[in-house]
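Chemist: Quick one: this structure, given as structure tokens, is what I'll be asking you about.
2 protein chains.
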Amino acid sequence: MTRPANDTFLRALLRQPVDYTPVWLMRQAGRYLPEYCETRRRAGNFLSLCKNPAMACEVTLQPLARYALDAAILFSDILTVPDAMGLGLYFAEGEGPRFERPLREEWAIRDLAAPDPMVHLRYVMDAVSEIRRALNDSVPLIGFSGSPFTLACYMVEGGSSEDFRTVKTMLFDRPDLLHRILAVTTEAVTDYLNAQIEAGAQAVMIFDTWGGALPAWAFRQFSLDYTAQIVAQLTKQHDGERVPSIVFTKGGGQWLEAIAGIGCDAVGLDWTTDLAEARLRTSDRVALQGNLDPMALFASPNSIETETRRVIDNFGHHSKSSGHIFNLGHGISQHTPADHVSVLVDTVHQYSRAFHAVPPA
Amino acid sequence: MTRPANDTFLRALLRQPVDYTPVWLMRQAGRYLPEYCETRRRAGNFLSLCKNPAMACEVTLQPLARYALDAAILFSDILTVPDAMGLGLYFAEGEGPRFERPLREEWAIRDLAAPDPMVHLRYVMDAVSEIRRALNDSVPLIGFSGSPFTLACYMVEGGSSEDFRTVKTMLFDRPDLLHRILAVTTEAVTDYLNAQIEAGAQAVMIFDTWGGALPAWAFRQFSLDYTAQIVAQLTKQHDGERVPSIVFTKGGGQWLEAIAGIGCDAVGLDWTTDLAEARLRTSDRVALQGNLDPMALFASPNSIETETRRVIDNFGHHSKSSGHIFNLGHGISQHTPADHVSVLVDTVHQYSRAFHAVPPA
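From first to last, the protein sequence lines are chains A and B. Whatever position you read off the first sequence (first residue = 1), add 246 for the numbering used here. Whatever position you read off the second sequence (first residue = 1), add 246 for the numbering used here.
So this is what it looks like as structure tokens:
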């Protein structure tokens, strides 16, 4: 049993009573922190940083040294999985991620296989173990992966895309090929997340960054069904503790009921979804994570406080079966003034306490 | 009374019985058509094309010569309104629209005034009249404008934006200034659309391209409330005919009930919203326009047919109070193969007939 000293985040995910709303930020270890940029410079480039467990550990801990965050998240990239599948990930300066061998040919798709995470993604597991040691059971560590559809977008497009033309053309013309990619990737992600749990991740999050770009029917068939398979196969208990799971579909607010129904413990929401409505729509059957607009961090400290309180007000008073984890609705922008983040974190901790008080019987 | 020979589009907007589902495409006069590129070349650039009524008329009619579309839409740009407000619109090659004088200073915002459309946007009204003459009451002509919030995004950012950082910072820090911009722009858009109706537009559409980038509460206060003011002040009857209005918020599926409640006749939907659910959520109290994923037009003709039928199936059988206008869920991509569009249009016309048959009593 290795319950962290501060287990507020884990308790909120499992909809257990907490004294205040826990908070962490997507991409909290990132370029808005000068110390991150410094470590990255030393690493040479982004990918070397991801593949060096000691440095990945170092940047994972950096935001915790600055802010009173209630969780750490493994520093890594969602594209390490397709990289381990042999697609050849690289980062062209200022251009985002690219693959040397995008998945376009039928033979390559037939040949695709799920990698053994303990062999091809060993550096991630080493980072997880090292971070757990360094955290020394202070706060929990979150592991993560991209969703199969989101990974498939990059794998087929060969990098970022504005319109997903190539992967969507495959979806419409050769759904069998896309389903094959998704099935293999589902196996890969399942093994990858379970290996992270084995190595010490105390909660896991699946990022479906691009599921929201799909038509409603296709979201179910090509994204949510595969995420559901992963959630069903996740290790639920490790080291005597429940390992909760979070599913975040950017732009997925319309499909909240469906997402909340796949067996995950929490659903991440971007800033377009009203949290009070989301609680009603899910009958408080899952915890909700989110959902401040990341752009609010560019406003003045006074406005950041107002907007942070607005999110807490919007979720409302906690009940016996509710859970809220404060977060941004998307990754923190690299241009965010680092000192603005303290205003957010401190406001969440102070202002949320009253919302967790036991209501009069 | 100048009812067009083909009034299927207008009837569907007003939820009156039709024999088949009418179809038109957002940005149907555009770069995917070689004849459009040719006219634009002759015009010199995009803005000269917009400002030349004869050429704007020419490109408006081009897609109608190729495809059996049920409506024409005025060829223009949503940024003509801020241009008429003195912001100095220009298009940097390959960079999209820019303003010479973005709205950043308080004094400039205080000085902002709604232009007289018959003076500063006379070229648009001349284009509307000329297109109506050229259409000769064959199909109806749609006029349009950007929504106040969408226009304000460009006006404050000074052009396109990936994250809307500047306009959102204003929203959080100086909501009074943003409200002032929106109030003046609302007046400008109202006058502009009513002038288009006076000049001959037989339906009008408001494009809220960026409303979907807002938090739910801010969407209501900074986008929908202003669109509602415009809809309330639109000329409802002209030349003896009802002039229907369509409101399209990209990414607004979550807020459909609210959008449908502002008094517009139809709501445009992007491809992420399920049409059957949308009918239930709005109790068929508005017509729905949409919502094929524009990327479906890159698939094979067989797949285009399948996906087009899927949208018609998704809307389902028509009732006495339902209306559906087939469209894409967003503007047609400039890379679309022009001959693929015929497959879509012909499939809509043929396949939809059975869905309009009177059900057995």
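Glycine included, every Cβ here is placed at the ideal spot set by N, Cα and C.
Does the distance from the CB of B/M451 to the CB of B/I492 come in under 8 angstroms?
Modeler: Yes, the Cβ-Cβ distance between B/M451 and B/I492 is below 8 angstroms.
Chemist: Which same chain residues end up closer than 8 angstroms to A/G342 when comparing Cβ atoms and leaving out the 5 residues on each side of it in sequence?
Modeler: Result list for A/G342: G405, S406, in chain order.
Chemist: In or out: A/P583 buried (at least 16 other Cβ within 10 Å) or exposed?
Modeler: Exposed: under 16 other Cβ atoms inside 10 Å.
Chemist: Would A/P461 pass as an interface residue toward chain B - the criterion being a Cβ-Cβ separation below 8 angstroms?
Modeler: Chain B contact via Cβ: present.
Chemist: How would you write the range of the alpha helix (DSSP H) that A/R344 sits in, first residue to last?
Modeler: That residue, A/R344, is in no alpha helix (DSSP H); its beta strand (DSSP E) goes 342-345.
Chemist: Kindly list the residues whose CB is nearer than 6 angstroms to the CB of B/A447, restricted to its own chain and excluding five residues on each side of it in sequence; keep chain order.
Modeler: The residues are V374, L387, G389.
Chemist: Distance check for B/E553 and A/P461, CA to CA, integer angstroms please.
Modeler: The alpha-carbon atoms of A/P461 and B/E553 are separated by roughly 11 angstroms.
Chemist: Might you give, ordered along the chain, the residues of its own chain that have their beta carbon closer than 6 angstroms to the beta carbon of A/A330, omitting 5 neighbours on each side?
Modeler: Contacts found: P361, H366, L367.
Chemist: Under three-state DSSP, which class holds B/H570?
Modeler: Three-state DSSP puts B/H570 in a strand.
Chemist: Listed in chain order, which residues of the region 496-521 of chain A have Cβ atoms closer than 8 angstroms to some Cβ of chain B?
Modeler: Of all residues in the region 496-521 of chain A, G497, G499, Q500, W517, T518, T519, D520 have a Cβ within less than 8 angstroms of some Cβ in chain B.
Chemist: Leaving out five residues on either side along the sequence, give the residues of the same chain with a beta carbon under 6 angstroms from the beta carbon of A/D253.
Modeler: If we look at A/D253 and ignore the five residues flanking it on each side, it has no Cβ neighbours.
Chemist: Tell me, please, whether the region 345-365 of chain B touches the region 281-290 of chain B by the rule of three or more beta-carbon pairs shorter than 8 angstroms.
Modeler: Not touching, per the Cβ criterion.
Chemist: With the cut-off set at 8 angstroms, would you say B/G575 and B/D539 are in Cβ contact?
Modeler: A contact, by the Cβ cut-off of 8 angstroms.
Chemist: Could you please give me the residues that DSSP links to B/H484 through a beta bridge?
Modeler: According to DSSP, B/H484 bridges with B/E487.
Chemist: Quick one: grab the DSSP three-state call for A/S549.
Modeler: A/S549 falls in the helix class under three-state DSSP.
Chemist: Taking B/R527 as the query, report the chain A residues whose CB atoms sit under 7 angstroms from its CB, ordered along the chain.
Modeler: The premise fails here: B/R527 is roughly 10 angstroms from chain A at the closest Cβ pair, so nothing lies under 7 angstroms.
Chemist: In the region 362-404 of chain B, which residue ranges form an unbroken beta strand (DSSP E) of at least 3 residues, counting only runs that do not cross its ends?
Modeler: As far as the region 362-404 of chain B is concerned, its whole beta strand (DSSP E) runs of at least 3 residues are 387-392.
Chemist: Which residue from B/M416, B/R525, B/G509 puts its Cα closest to that of A/S549?
Modeler: Closest by alpha carbon: B/M416.
Chemist: For the putative contact between B/Q619 and B/R277, defined by C-beta atoms under 8 angstroms, what is the C-beta separation to the nearest angstrom?
Modeler: Residue coverage of chain B in this structure runs from 247 to 607, which leaves residue 619 of chain B outside it and unanswerable.
Chemist: DSSP three-state call for B/L307: helix, strand or coil?
Modeler: In the structure shown, B/L307 sits in a helix (DSSP, three-state: H, G or I).
Chemist: Could you check whether A/E376 and A/A275 sit closer than 8 angstroms to each other, using their CB atoms as the reference points?
Modeler: Their beta carbons are not under 8 angstroms apart, which means A/A275 does not touch A/E376 by this criterion.
Chemist: Under 9 angstroms between beta-carbons, which chain B residues line up against A/K414? List them in chain order, please.
Modeler: Correct list: D539, M541, A542, F544, A545.
Chemist: Go ahead and label A/P263 buried or exposed: buried means 16 or more other beta carbons lie within 10 angstroms of its beta carbon, across all protein chains shown.
Modeler: Answer is exposed; the Cβ neighbour count stays below 16.
Chemist: Looking only at its own chain, which residues have a Cβ that is under 7 angstroms from the Cβ of A/N313, when we skip the five neighbours before and after it?
Modeler: It should be noted that the sequence gives Tyr, not Asn, for residue 313 of chain A. The answer, listed in chain order, is V587, S588, V591.
Chemist: With a threshold of 8 angstroms between beta-carbons, can A/F608 be considered close to chain B, or not?
Modeler: For chain A, the structure presents residues 247 to 607; residue 608 of chain A sits outside this window and is missing.
Chemist: Step through the CB atoms of chain B and report whether any lies within less than 8 angstroms of the CB of A/E553.
Modeler: Yes, A/E553 counts as interfacial toward chain B.
Chemist: For B/G458, which residues in chain A fall below 8 angstroms Cβ to Cβ?
Modeler: Neighbours of B/G458 on chain A, chain order: T518.
Chemist: Measure the alpha-carbon distance for A/M401 versus A/F468 and round it to whole angstroms.
Modeler: Distance between the alpha carbons of A/M401 and A/F468: 15 angstroms.
Chemist: Just reading off the alpha helix (DSSP H) that A/N298 is part of, what are its end residues?
Modeler: Neither: A/N298 is in no alpha helix (DSSP H) and is coded neither H nor E.
Chemist: Could you pull out every residue in the same chain whose Cβ sits closer than 6 angstroms to the Cβ of B/R257, ignoring the five residues on either side in sequence?
Modeler: Same-chain partners within the cutoff: V264.
Chemist: When DSSP labels each residue in this structure, what does B/N537 get in the three-state scheme?
Modeler: DSSP places B/N537 in strand when its eight states are reduced to three.
Chemist: To the nearest angstrom, how far is the alpha carbon of A/W501 from that of B/T412?
Modeler: Taking the straight line joining both Cα atoms gives about 30 angstroms.
Chemist: When you compare only the Cα positions, how much space is there between A/S393 and B/V489?
Modeler: About 46 angstroms.
Chemist: By the 10 Å Cβ neighbour count, where 16 or more other Cβ atoms means buried, how is B/P250 classified, buried or exposed?
Modeler: By the 10 Å Cβ count, B/P250 comes out buried.
Chemist: Which residues mark the beginning and the end of the beta strand (DSSP E) in which B/A506 is found?
Modeler: Run containing B/A506: none in the beta strand (DSSP E); it sits in the alpha helix (DSSP H), 502-506.
Chemist: Give a yes or no on whether the minimum CB-CB distance between B/S579 and chain A is below 8 angstroms.
Modeler: At least one chain A Cβ lies under 8 angstroms of B/S579.
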